[in-house]
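Trainee: Each residue of the sequence shown is one higher than the one before, starting from 419 at the first, in our numbering.
C-beta atoms are modelled at their ideal positions from N, C-alpha and C, and glycine is treated no differently.
I am attaching a structure below and will ask some questions about it afterwards.
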Amino acid sequence: MLNFEFCSPTRFVFGKNTESQAGELIKNHGGTKVLIHYGGGSVVRSGLLDRVKASLTEQGIPYVELGGVQPNPRSGLVYQGIDLCRKEGVDFILAVGGGSVIDSAKAIAAGVVYDGDFWDYWAVKAVIPKALPIGTVLTIPAAGSEGSSNSVITHEETLIKRGTGGDAVRPKFSILNPELTFTLPQWQTASGVCDIIAHILERYFTNTTEVEVTDRLCEAILLTMIKEAPRVIENPENYEARANIMWAGMLAHNNVCGVGREQEWTTHAIEHELSALYDVTHGAGLAVLFPAWMKKALPHDPKRFAQLATRVFGIENKGDDMATGLAGIEAWADFFTSLGMPRTLRELGVQEKDFVYMANHLMLRPDGTCGKYIVLTPDDVVEIYKSCY
Ligand code: NZQ
Ligand code: ZN
């Protein structure tokens, strides 16, 4: 295991009706003027936004609002948010929505207290040193942004989608009420599940040895997702299954499962090119790309793939790690499609003519490669795109 430091200071308030505590939590964290940030309208239609506002009003906390965050959030609204916060003297940002809203809130929070262009941090993946405090009311378990130090934004002019972060943008509190996820369309539920699984797989495939405790934590979350996801697809109002998925989504990405080991993240980078160019739903892109990346990585370390296949899918290893590992990869692809996810890039509207562009548009190292568990050239990335086209 590698040396590490781990700090996950977010207060999680979990359960039914917890959104009514938003005002009190903001007050406890010193917020006196709030920006309520939200997305394309689901929180308006569900009545959640009104309940959150009432909670602030009850505590005598004034607020301004900025809605309209789109999935795969864009830089344009971040600039608007920064201007609004400065003009209104906002000192606390409350994100009400999913990963896109939370990430946009984090970018605004970083930008308000920075003299330059907020994108400076994202352009070079620099650690964000300071930010306004943020709270979240989560409406979709997926990105894990409610407990993570990351924010992923697409630059509007260049269509570069990049993540960066720092402990400064970890939420001070996150309100997680599983009931708020009952209204999710199946596509979003399933995409969220695939993203959560991908966050574990990006950590699981590591060259660091002797990481039994985090391996086992990762496997526990994967087993939970395999059990609970079909239950919410069948009954979107299954509170207990929704609750398990919601907490798993946080655990999958606040890094408790990833400390002490080298992490991968190449499939995420390869996927971000799709969401930047075609506005593909992040989790759906991962559902197609992850099995393809795994097939490419399998020969590097068949033992690890076989371990995962046996421990998570119960696939018997008859002394052939390659065959067992491959069966595990097929089991992942089957599981994703059983939730209604696509199996090919073609189904997502991606065009073959863009493969070379996307592979070269990735954030590559100076030597032109990417990846840690396995090192990939742009040609390898093109091959991965082709293999799942
Ligand atoms: O915009 P509204 O109307 O609210 O609708 C949203 C949106 O269309 C809808 N939705 C959310 N909660 C709902 C709901 N509809 C009905 N009922 C509800 N309760 O779902 C759609 C997707 O929302 P979005 O916030 O985009 O989803 P998600 O949480 O998957 O976030 C995706 C973004 O997070 C980034 C992704 O790249 C993508 O940009 N990621 C962020 C990470 C991080 N900050 O740590 C890590 C991830 O790997 C990921 O890259
Ligand atoms: Zn993700």
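By Cβ distance below 7 Å, which residues in the same chain neighbour I552 in space, the five residues on each side in sequence not counted?
Mentor: Here residue 552 is taken as the residue at index 134 of the sequence shown, counted from 1. For I552, where only same-chain residues beyond five positions count, the Cβ hits under 7 Å are I511, A513, A523, K524, A527, V587, P589 and K590.
Trainee: Under DSSP, the alpha helix (DSSP H) around R649 begins and ends at which residues?
Mentor: To locate residue 649, count along the sequence shown from 1; it is residue 231. E630 to E652 is the span of the alpha helix (DSSP H), which, as asked, contains R649.
Trainee: Our contact map puts L669 next to I639 with C-beta atoms below 8 Å; I'd like the distance itself, whole angstroms only.
Mentor: Residue 669 sits at position 251 when you count from the first residue of the sequence shown. Residue 639 sits at position 221 when you count from the first residue of the sequence shown. Contact flag correct, Cβ pair sits at about 6 Å.
Trainee: Inspect the beta-carbon positions of Y807 and E765 and report whether they are closer than 7 Å.
Mentor: Residue mapping note: residue 807 aligns to position 389 of the sequence shown, counting from 1. Residue mapping note: residue 765 aligns to position 347 of the sequence shown, counting from 1. Contact: no.
Trainee: Use the C-beta contact count for T607: other C-beta atoms within 10 angstroms, 16 or more gives buried, fewer gives exposed.
Mentor: Along the sequence shown, read from residue 1 onward, the residue named residue 607 stands at position 189. Buried: at least 16 other Cβ atoms inside 10 Å.
Trainee: Apply the 10 Å Cβ neighbour rule to G478 and answer buried if 16 or more other Cβ atoms are within range, or exposed otherwise.
Mentor: In the sequence shown, counting from the first residue as 1, residue 478 sits at position 60. So G478 ends up on the exposed side.
Trainee: Take the Cβ of A666 as the centre, count every other Cβ of all protein chains shown within 10 Å, and call the residue buried at 16 or more, exposed below.
Mentor: Sequence index remark: in the sequence shown, residue 666 carries index 248 (1-based). Burial call: buried.
Trainee: Can you list, in chain order, the residues of its chain with a C-beta nearer than 8 Å to that of M781? Leave out the 5 residues immediately preceding and following it.
Mentor: Here residue 781 refers to the residue found at position 363 of the sequence shown. Around M781: K543, R580, A687 and C788.
Trainee: Select from V730, L474, I651 and G737 the residue whose C-alpha is nearest the C-alpha of V611.
Mentor: On the sequence shown, residue 611 is found 193 positions in, with the first residue counted as 1. That would be I651, whose Cα lies nearest to the Cα of V611.
Trainee: Given V677, which residues of its chain have a CB within under 8 Å of its CB, disregarding the five upstream and five downstream residues?
Mentor: If you number the sequence shown from 1, residue 677 lands on position 259. The residues are F422, F424 and T632.
Trainee: Give the secondary structure of R429 by DSSP, where H, G and I count as helix, E and B as strand, and everything else as coil.
Mentor: If you number the sequence shown from 1, residue 429 lands on position 11. It is a strand residue.
Trainee: Hey, quick one: how far does the beta strand (DSSP E) through R580 stretch, first residue to last?
Mentor: In the sequence shown, counting from the first residue as 1, residue 580 sits at position 162. Note, R580: beta strand (DSSP E), I578 to G583.
Trainee: Given the structure, does P589 come close to the ligand NZQ, in the sense that its CB is under 6 Å from one of the ligand's heavy atoms?
Mentor: Against the sequence shown, residue 589 aligns to sequence position 171. No; taking the cut-off as 6 Å, the Cβ of P589 has no heavy atom of the ligand NZQ nearer than that.
Trainee: Which residues does DSSP pair with T554 in a beta bridge?
Mentor: Residue numbering aside, residue 554 sits at position 136 when the sequence shown is read from its first letter. According to DSSP, which records beta bridges pairwise, T554 is partnered with A513 and S592.
Trainee: Say whether the region 723 to 732 touches the region 741 to 749, bearing in mind that this needs 3 or more beta-carbon pairs closer than 8 Å, one atom from each stretch.
Mentor: Yes: the two stretches touch, three or more of their Cβ pairs being nearer than 8 Å.
Trainee: Quick check on the DSSP output: the beta strand (DSSP E) that includes V482 runs from which residue to which?
Mentor: Against the sequence shown, residue 482 aligns to sequence position 64. Taken as a continuous stretch (DSSP letters only), the beta strand (DSSP E) holding V482 covers Y481 to L484.
Trainee: Is D816 near the ligand ZN, with its Cβ less than 6 Å from a heavy atom?
Mentor: The question about residue 816 has no answer here: the residues shown for the chain are numbered 419 through 807.
Trainee: For L794, which residues from the same chain have a beta carbon less than 7 Å from its beta carbon, with the 5 sequence-adjacent residues on both sides left out?
Mentor: Here residue 794 is taken as the residue at index 376 of the sequence shown, counted from 1. Here the set comprises T684, T787 and C788.
Trainee: Quick one: is the Cβ of G499 within less than 6 Å of any heavy atom of the ligand NZQ?
Mentor: The residue you call residue 499 lines up with position 81 of the sequence shown. No.
Trainee: Below 7 Å between beta carbons: does that hold for P654 and F731?
Mentor: Here residue 654 is taken as the residue at index 236 of the sequence shown, counted from 1. Here residue 731 is taken as the residue at index 313 of the sequence shown, counted from 1. No, they are not a contact pair.
Trainee: What I want to know is whether the C-beta of D697 ends up closer than 6 Å to one or more non-hydrogen atoms of the ligand ZN.
Mentor: On the sequence shown, residue 697 is found 279 positions in, with the first residue counted as 1. No, the ligand ZN has no heavy atom inside 6 Å of this Cβ.
Trainee: Counting pairs of Cβ atoms below 8 Å between the region 433 to 443 and the region 570 to 578, do you hit three or more?
Mentor: With the cut-off at 8 Å, the region 433 to 443 and the region 570 to 578 do not touch.
Trainee: How long is the line joining the alpha carbons of I615 and V768, rounded to whole angstroms?
Mentor: In the sequence shown, counting from the first residue as 1, residue 615 sits at position 197. In the sequence shown, counting from the first residue as 1, residue 768 sits at position 350. Looking at the two C-alpha atoms, the distance is approximately 22 Å.
Trainee: Alpha carbon to alpha carbon, what distance is there between H718 and A705?
Mentor: Numbered from its first residue, the sequence shown carries residue 705 at position 287. Numbered from its first residue, the sequence shown carries residue 718 at position 300. Distance between the alpha carbons of A705 and H718: 21 Å.
Trainee: Alpha carbon to alpha carbon, how far is D585 from K736?
Mentor: Against the sequence shown, residue 585 aligns to sequence position 167. Against the sequence shown, residue 736 aligns to sequence position 318. Rounded to the nearest angstrom, the two C-alpha atoms are 45 Å apart.
Trainee: Look at Y539 and T582 and say whether their C-beta atoms are less than 7 Å apart.
Mentor: Indexing the sequence shown from 1 puts residue 539 at position 121. Indexing the sequence shown from 1 puts residue 582 at position 164. Yes; because the gap between Cβ atoms is below 7 Å, this pair is in contact.
Trainee: Mind checking N435: buried by the 16 CB within 10 Å criterion, or exposed?
Mentor: Here residue 435 is taken as the residue at index 17 of the sequence shown, counted from 1. Result: exposed.
Trainee: Helix, strand or coil: which one does DSSP assign to R504?
Mentor: Within the sequence shown, the letter at position 86 stands for residue 504. Reduced to three states, the DSSP call for R504 is helix.
Trainee: May I ask whether a heavy atom of the ligand NZQ can be found less than 6 Å away from the beta carbon of S493?
Mentor: In the sequence shown, residue 493 corresponds to position 75, counting from 1. No, since every heavy atom of the ligand NZQ falls outside the 6 Å radius drawn around the Cβ of S493.
Trainee: Fully enclosed by the region 438 to 482, which beta strand (DSSP E) runs are 3 residues long or longer?
Mentor: You should have 452 to 456.
Trainee: Return yes when the C-beta of P489 is under 6 Å from any heavy atom of the ligand NZQ, and no when it is not.
Mentor: Within the sequence shown, numbered from 1, the residue matching residue 489 stands at position 71. True, at least one ligand heavy atom lies under 6 Å from that Cβ.
Trainee: Determine the direct distance from the alpha carbon of K451 to that of F753, and round the result to whole angstroms.
Mentor: Locating residue 753 in the sequence shown gives position 335, counting from the first residue. Locating residue 451 in the sequence shown gives position 33, counting from the first residue. Going by the C-alpha atoms only, they are around 45 Å apart.
Trainee: Looking at G701 and S569, is the spacing between their C-beta atoms short of 7 Å?
Mentor: For the purposes of this step, residue 569 is identified with residue 151 of the sequence shown, where counting begins at 1. For the purposes of this step, residue 701 is identified with residue 283 of the sequence shown, where counting begins at 1. The answer is no: Cβ separation not under 7 Å.
Trainee: Can you tell me whether DSSP reads V768 as helix, strand or coil?
Mentor: Taking the sequence shown and counting its residues from 1, one reaches residue 768 at position 350. If DSSP states are grouped into helix, strand and coil, V768 belongs with coil.
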